[in-house]
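Enquirer:
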Amino acid sequence: MLDIKLIRSNPELVKENIKKKFQDQKLPLVDEVLELDAQFRASKGRGDELRQQRNTISKEIGKLMSQGKKEEAQEVKKQVQAIAGELEEMERKEAEMTAEIRKRMLVIPNLIDDSVPIGKDDSENVEVQRFGEPVVPDFEVPYHTEIMERFGGIDLDSARKTSGNGFYYLMGDIARLQSAVISYARDFMIDKGFTYCIPPFMIHGNVVEGVMSQTDMDAMMYKIEGEDLYLIGTSEHSMIGKFIDAILPEESLPQTLTSYSPCFRKEKGAHGIEERGVYRIHQFEKQEMIVVCKPEDSMAWYDKMWGYSVELFRSLDIPVRQLECCSGDLADLKVKSCDIEAWSPRQKKYFEVCSCSNMGDAQARRLKIRVKGSDGQNYLPHTLNNTVVAPPRMLIAFLENNLQADGSVRIPEALRPYMGGKDAIR
Numbered sequence: 021m022l023d024i025k026l027i028r029s030n031p032e033l034v035k036e037n038i039k040k041k042f043q044d045q046k047l048p049l050v051d052e053v054l055e056l057d058a059q060f061r062a063s064k065g066r067g068d069e070l071r072q073q074r075n076t077i078s079k080e081i082g083k084l085m086s087q088g089k090k091e092e093a094q095e096v097k098k099q100v101q102a103i104a105g106e107l108e109e110m111e112r113k114e115a116e117m118t119a120e121i122r123k124r125m126l127v128i129p130n131l132i133d134d135s136v137p138i139g140k141d142d143s144e145n146v147e148v149q150r151f152g153e154p155v156v157p158d159f160e161v162p163y164h165t166e167i168m169e170r171f172g173g174i175d176l177d178s179a180r181k182t183s184g185n186g187f188y189y190l191m192g193d194i195a196r197l198q199s200a201v202i203s204y205a206r207d208f209m210i211d212k213g214f215t216y217c218i219p220p221f222m223i224h225g226n227v228v229e230g231v232m233s234q235t236d237m238d239a240m241m242y243k244i245e246g247e248d249l250y251l252i253g254t255s256e257h258s259m260i261g262k263f264i265d266a267i268l269p270e271e272s273l274p275q276t277l278t279s280y281s282p283c284f285r286k287e288k289g290a291h292g293i294e295e296r297g298v299y300r301i302h303q304f305e306k307q308e309m310i311v312v313c314k315p316e317d318s319m320a321w322y323d324k325m326w327g328y329s330v331e332l333f334r335s336l337d338i339p340v341r342q343l344e345c346c347s348g349d350l351a352d353l354k355v356k357s358c359d360i361e362a363w364s365p366r367q368k369k370y371f372e373v374c375s376c377s378n379m380g381d382a383q384a385r386r387l388k389i390r391v392k393g394s395d396g397q398n399y400l401p402h403t404l405n406n407t408v409v410a411p412p413r414m415l416i417a418f419l420e421n422n423l424q425a426d427g428s429v430r431i432p433e434a435l436r437p438y439m440g441g442k443d444a445i446r
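Numbering (the numbering used here), first residue to last: 21 to 446.
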C-alpha cells in the first residue's frame, strides 16, 4: 500500500506505475482516492472547528453556572447539543470515507523499482544468469512420480481417496529425502546467521490483508469456516505478521529469520492441480527466509537472499538460473522480484523452485510495523522474503539431476549426514 501523501503530491507517477504493470483498469482509482481524500480532509477540518466551538461554549457554560445564571446556561447547552449532533454525523462520514480510501489504496499497486524490466506477463521475464552446466544424460529420465514409484516412495491413489487431487503420501526413502532436504536447508540458513523459527500455521484475516493482495488472497488462501483464521500459503505470511503493530528499535535490525511450515494453497486459476504429478498441489512443506531491514539496505539483502538459493541448489549439484520478473508478473505489493529456476533434464528446460521478493515498505505500512530511529522518529522498514527450498518441487529437480543410469539416485555429499550416511537411494 502506498503512502497517501505520494498520491496527493504525485498522482501522475502512481498512474504511470499502474500503466507499467498493464493494469489500466485501476487508473480511475487514483482520482477516486484524491477526491475522497479531499472530502475527508474537508470533513475533518469542519470537525476540528466544531470541537473547538464545543470547547469554547463548554467553558462559557461553566462560567454562567458559576455566576448562578442557570437559565442562560441551559440555553447555551442547546448549542452544544446541536454541535454534538453535527459532529457525530461528521465522524460517521469520516469513518466511511477512511474505509473507502483504504479499500482503493489496497488495490493500487506498489511502485516498482526502476530496474524492473517492462513486460505484460511471465512470458516476458528476463534470464539474468546461469549457474552450473545443464546436462541431458544419455539415458531416459522418467517422469518424477515414476522415479518415486520405483522406490515405493509415493502413493497418489490412496491420497485421492482420502483427500482428492492435489495430495500425496510420501513413503520410505523418498519421504526421508524430503525431510533431509528441509533439515539441510534449515541448517544452511542457520549457518548464514538466520534465526530458526516455527510459526503459527493459521493467521487472522487482518494479517492476510497486510501481507498480500486481495487477488492473491482469493486465489490462494483457505479460510477456516466460522473462524477469523486462514491456513497459511507460506510461512512468510505468519513471519511478517509476527511484527504487526510493533515499534522495533533500530539497533535490532536487520531481523533475519528462517522458518519451516507446511503450506496450503487452493491453486485456483489457469494452472490448476496436477492429477499425476506433484509440481502444483494443495499441501507441501517449505523452508523460507525473511528479512526486515532499513530501507537503504533492502536491495543489498535482496541480492544476498537469491544468492543463498543459488548456493544451496549448487551444493546439491542442481544447475539453476536467475530469472528477473517483469512488471506485469509482479504481485501488487512487490517492488522487485526474481525466480530461481532449476534445470529439468527430462523436459530439457528450467522450472521455478524459488521466488525472491523485495516488498519495500508495503507490508510494513499495512501492518503498522515501525522502527524507532536514532533521532527518535519512527519510520517504516522494508520486508523481503525468499524460498530456501520447497519440496516437492525441489524433489523433482533433485531426483532428475541426480538420477543414475542404473536407476539409483545419487545423494550429494552435503546431504548424506541427513540421510543416515547413504550415498545413494537404490
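Every residue gets a Cβ at the ideal spot worked out from N, C-alpha and C, and that includes glycine.
1. For the alpha helix (DSSP H) containing V228, list its first residue and its last residue.
2. What residue does the alpha helix (DSSP H) around T26 start on, and which one ends it?
3. Quick one: using the 10 Å Cβ neighbour count with 16 as the cut-off for buried, is A205 buried or exposed?
4. On the DSSP bridge assignment, give the partners of Q307 in chain order.
5. Among K306, K356, R341, P339, which residue has its Cα nearest to the Cα of S347?
6. Unbroken beta strand (DSSP E) runs of length 3 or more, entirely within the segment 38 to 98: which are they?
7. Apply the 10 Å Cβ neighbour rule to V312 and answer buried if 16 or more other Cβ atoms are within range, or exposed otherwise.
8. Using a Cβ-Cβ cutoff of less than 8 Å, which residues in the same chain neighbour L400 once the five nearest sequence positions on both sides are dropped?
9. If distances are taken between C-alpha atoms only, which option among P365, N145, I445 comes closest to P154?
10. According to DSSP, simplified to helix, strand and coil, what is I174?
11. Give me the Cβ distance between M325 and R285, rounded to the nearest whole Å; I'm assuming they're in contact under 8 Å.
12. Figure out for me which residue from S199, Q303, L268, G213 has the closest Cα to the Cα of A179.
13. Are there three or more Cβ pairs, one per stretch, closer than 8 Å when the segment 130 to 149 is compared with the segment 333 to 349?
14. Bridge partners for W326 per DSSP, in chain order?
15. Whose C-alpha, out of N185, L273, Q149, is nearest the C-alpha of V330?
16. May I have a chain-ordered list of the beta strand (DSSP E) segments no shorter than 3 residues that lie completely inside the segment 314 to 396?
17. Excluding the 5 residues flanking A444 on each side, which residues of the same chain have their C-beta closer than 8 Å to its C-beta?
Expert: The relevant details are as follows:
1. 225 to 231
2. Thr is not the amino acid found at residue 26; the sequence shown has Leu there. Where L26 is concerned, the enclosing alpha helix (DSSP H) stretches over 24 to 29.
3. buried
4. Y280, V409
5. K356
6. none
7. buried
8. P315, D381, A384, R385, I389, R390, V391
9. P365
10. strand
11. 22 Å between Cβ atoms; not a contact.
12. Q303
13. yes
14. Paired residue(s): none; W326 is not in a bridge.
15. Q149
16. 340 to 344, 356 to 364, 369 to 378, 390 to 392
17. Q424, S428, V429, R430, I431
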